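Scroll down for the structure; my scribbles are underneath it.
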Ligand SMILES: Nc1ncnc2c1ncn2[C@@H]1O[C@H](COP(=O)(O)OP(=O)(O)OP(=O)(O)O)[C@@H](O)[C@H]1O
Ligand SMILES: [Mg+2]
């Protein structure tokens with residue numbers, strides 16, 4: 001039977017009489033955990049920000065038609081040439097429509113799928129923006145803007161105006177911020193767009209869209225899906241892209257493959273499209289953990305040292321405890337408790353320090369053209385890191401305390417009492 | 001009368017630095033309430049024997065009985081429990097936990113035993129201290145009292161769990177004659193009034209002469 005109150009009582013007395021070493025050891029842990037919390041919060045905050053910049057605007061799965069040469073050339077359909085070796089030169093793709101066949105039934109079908117959070121139709125087309133004598137090439141996206149706002153954080157990037165303003169105006173356009181700058185246009189102004197075939201269409205600017213990626217802001221604008229179809233003179237089922245948000249992003253690659261086969265269409269999933277972002281996040285996580293673990297190992301060595309010294313100082317006490325009936329395990333627990341108390345105190349303080357530093361960073365102004373919605377440095381306050389932090393503090397101090405405690409456990413009281 | 005302690009053919013060697021037969025065929029018995037002393041020249045193996053009897057040293061051959069139960073070969077945990085419950089030990093050097101108060105030192109073995117409530121333990125500890133005339137020192141730090149006082153605190157600690165036997169390795173070795181006399185009187189009274197068995201190693205002939213029985217050792221043997 002372990003008598004905890006006695007063991008903790010002795011451990012506490014040891015710690016209190018060695019206040020200086022106790023505080024030093026605890027501060028080591030505080031430093032390690034504080035640094036971990038701050039770094040983890042900042043790094044993952046940054047990750048989320050960067051992910052948000054691209055990933056949140058990228059659909060989990062995008063369905064579209066690619067212009068490509070048929071894999072099955074006509075010659076292979078002839079039975080006569082079945083077992084021959086056919087050489088075809090200069091294969092060219094057929095000029096087929098970019099339109100998705102059966103787009104509306106596919107949309108209907110997707111909306112009934114339990115894994116799908118939402119599916120929105122888009123019409124993406126090349127366009128020229130005309131203002132006075134300026135003519136700029138770019139992209140025009142016809143979209144169901146309210147549905148887009150529900151499924152992505154596009155709202156954050158509409159710096160002037162709102163999605164509702166676009167929905168309510170059949171001739172409205174959300175103009176890319178770069179385009180607006182170049183043509184010195186703002187909300188309320190008029191702009192003309194010209195299709196590739198030369199048809200000119202007047203639109204009213206109801207909002208400005210700034211994604212933070214110059215490449216996009218300099219070329220891309222949003223209109224209502226119907227408006228885009230009208231500009232191109234196409235019917236209501238003319239849709240070039242279907243964007244799908246899933247409930248579980250991890251399922252994207254598998255679903256993309258399935259639909260690719262099912263609908264005979266191109267499907268690209270978010271992982272494939274943004275492989276490099278995952279790598280960046282992983283490297284930042286790696287740095288966070290490498291630095292934190294290093295700090296904690298240093299703190300662990302500090303605790304190990306202090307307990308080792310304490311055990312040498314307390315040899316006589318250990319011998320007395322054993323002589324009066326404390327078992328080796330009791331003695332080991334006395335020292336492990338000390339380590340864990342140090343770990344707990346230092347760890348809790350470390351969480352507070354980490355939280356304070358995070359709050360400080362969180363309130364540090366950070367304004368950049370590229371990120372219109374960001375005013376301060378990003379911080380992730382996920383409780384997970386606080387749980388990991390305290391568990392890590394307890395675990396590392398336990399390990400640091402275990403070795404000296406084991407030594408204390410095996411001290412032979414007779415040797416000490418004899419004075420050899 | 002029942003036996004408190006019995007040894008049968010205990011032998012012990014030290015193997016370092018070279019083989020040394022330190023205890024040779026030790027067999028003797030201590031009866032309940034007996035006050036015995038062990039005497040012998042320096043180096044004859046008295047302390048070594050006492051460490052074996054107190055169950056702290058397990059490297060020997062032969063058999064050791066406590067309250068007529070064989071305890072040779074018991075696990076370390078088991079021996080700790082026996083030590084805690086049945087054996088009080090007083091060293092030549094007082095050996096108190098210097099960071100704890102006097103009363104805490106006395107209470108510690110009872111807290112480990114955990115058979116009584118905190119309140120009862122504290123009351124018992126105070127009674128023991130009173131009995132040894134050091135009740136007024138209860139709240140003092142153990143490092144802030146005199147040698148003679150420390151020795152009495154150590155005795156109080158050895159008695160806190162009402163052991164069946166009290167062992168001492170020259171408990172008066174470091175005390176002046178007055179304090180020495182004092183400790184002897186305490187032992188004497190415990191043996192008569194409480195029926196406590198005592199086994200005390202001593203170099204003090206006067207002390208030994210006044211005990212019930214003298215066990216004399218020479219070169220690792222009991223000669224009388
Ligand atoms: N750890 C050890 N290794 C080897 N020899 C030892 C060890 N401890 C004690 N001895 C030897 O064993 C013998 C008995 O020692 P012990 O301490 O039992 O003597 P003692 O009778 O208590 O002497 P004293 O009256 O001086 O205390 C001595 O000769 C001593 O040198
Ligand atoms: Mg001796």
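Chains as they are written, first to last, in full-length UniProt numbering: chain W, 1 to 420; chain V, 1 to 224. We put the beta carbon where it would ideally sit given N, CA and C, even for glycine. No experiment lies behind these values; they were computed from the predicted model shown.
Collapsed DSSP secondary structure at residue i in the structure displayed
| i | result |
| --- | --- |
| residue 264 (chain W) | coil |
| residue 209 (chain W) | strand |
| residue 92 (chain V) | coil |
| residue 76 (chain W) | helix |
| residue 13 (chain V) | strand |
| residue 155 (chain V) | helix |
| residue 140 (chain W) | strand |
| residue 361 (chain W) | helix |
| residue 52 (chain V) | helix |
| residue 4 (chain V) | strand |
| residue 36 (chain V) | strand |
| residue 140 (chain V) | coil |
| residue 114 (chain V) | coil |
| residue 381 (chain W) | coil |
| residue 208 (chain V) | helix |
| residue 176 (chain W) | strand |
| residue 170 (chain W) | coil |
| residue 189 (chain V) | helix |
| residue 115 (chain W) | coil |
| residue 132 (chain V) | coil |
| residue 162 (chain V) | coil |
| residue 243 (chain W) | strand |
| residue 27 (chain V) | strand |
| residue 183 (chain W) | coil |
| residue 59 (chain V) | coil |
Heavy atom of ligand 2 within 7 angstroms of residue i beta-carbon
| i | result |
| --- | --- |
| residue 41 (chain V) | no |
| residue 47 (chain V) | yes |
| residue 169 (chain V) | yes |
Chain W residues whose Cβ lies nearer than 8 angstroms to that of residue i
| i | result |
| --- | --- |
| residue 149 (chain V) | Those within 8 angstroms of residue 149 (chain V) in chain W number zero; the least Cβ separation is about 17 angstroms. |
| residue 57 (chain V) | 414 |
| residue 109 (chain V) | 324 and 325 |
| residue 157 (chain V) | 324 |
| residue 14 (chain V) | Residues of chain W passing the Cβ test: none, with the nearest at roughly 11 angstroms. |
| residue 84 (chain V) | 324, 325 and 326 |
Near ligand 1: residue i beta-carbon under 7 angstroms from a heavy atom
| i | result |
| --- | --- |
| residue 28 (chain V) | no |
| residue 418 (chain W) | yes |
| residue 91 (chain V) | no |
| residue 22 (chain W) | no |
| residue 24 (chain V) | no |
| residue 335 (chain W) | no |
| residue 14 (chain V) | yes |
Contacts of residue i in chain W (Cβ-Cβ under 7 angstroms)
| i | result |
| --- | --- |
| residue 95 (chain V) | 316 and 320 |
| residue 51 (chain V) | 414 |
Chain-ordered chain V contacts of residue i [CB-CB under 7 angstroms]
| i | result |
| --- | --- |
| residue 337 (chain W) | Correct list: empty, because the minimum Cβ distance to chain V is about 15 angstroms. |
| residue 327 (chain W) | 76, 77 and 80 |
| residue 13 (chain W) | 99 and 100 |
Under 9 angstroms by beta carbon: chain V residues contacting residue i
| i | result |
| --- | --- |
| residue 342 (chain W) | Chain V residues near residue 342 (chain W): none, gap ~17 angstroms exceeds 9 angstroms. |
| residue 3 (chain W) | 111, 112, 113 and 114 |
Ligand 3 heavy atom lying under 7 angstroms from the CB of residue i
| i | result |
| --- | --- |
| residue 20 (chain V) | Ligands present in the displayed structure are limited to ligand 1 and ligand 2, and ligand 3 is not among them. |
Residue-chain proximity (residue i, chain B), Cβ-Cβ < 8 angstroms
| i | result |
| --- | --- |
| residue 89 (chain V) | The question asks about chain B, but that chain is absent: this structure's protein chains are W and V. |
Neighbour list for residue i in chain V, Cβ cutoff strictly below 8 angstroms
| i | result |
| --- | --- |
| residue 17 (chain W) | 99 |
**OP:** Would you be able to state if there are at least three C-beta pairs under 8 angstroms between the segment 200 to 219 of chain W and the segment 107 to 118 of chain W?
**Re:** no
Inter-stretch contact at 8 angstroms, needing at least 3 Cβ pairs: the segment 214 to 224 of chain V / the segment 170 to 189 of chain V: no
Taking three-plus beta-carbon pairs below 8 angstroms as touching, is the segment 293 to 303 of chain W in contact with the segment 88 to 107 of chain V? no
- Hey, is the segment 230 to 247 of chain W in contact with the segment 41 to 54 of chain W, meaning 3+ C-beta pairs nearer than 8 angstroms? no
query: Would you call the segment 34 to 50 of chain V and the segment 195 to 208 of chain V in contact, with 3 or more CB pairs under 8 angstroms?
result: yes
ask   = Per the contact definition of three or more C-beta pairs closer than 8 angstroms, is the segment 73 to 90 of chain V in contact with the segment 161 to 170 of chain V?
value = yes
Check whether the segment 374 to 386 of chain W and the segment 323 to 338 of chain W touch, using three or more Cβ-Cβ pairs below 8 angstroms as the test. no
_Within 8 angstroms, do at least three Cβ pairs link the segment 60 to 77 of chain V to the segment 144 to 157 of chain V?_
no
Is the segment 307 to 324 of chain W touching the segment 395 to 404 of chain W, taking contact as three or more C-beta pairs under 8 angstroms? yes
*Three or more beta-carbon pairs under 8 angstroms between the segment 96 to 112 of chain V and the segment 42 to 57 of chain V, yes or no?*
no
(request) Could you tell me whether the segment 382 to 398 of chain W touches the segment 341 to 353 of chain W, using the rule of 3 or more Cβ pairs below 8 angstroms? (result) yes
query: Touching or not, the segment 219 to 226 of chain W and the segment 164 to 173 of chain W, by the rule of three or more beta carbon pairs under 8 angstroms?
result: yes
Is the segment 155 to 168 of chain W touching the segment 125 to 139 of chain W in the sense that three or more CB pairs, one from each, lie closer than 8 angstroms? no
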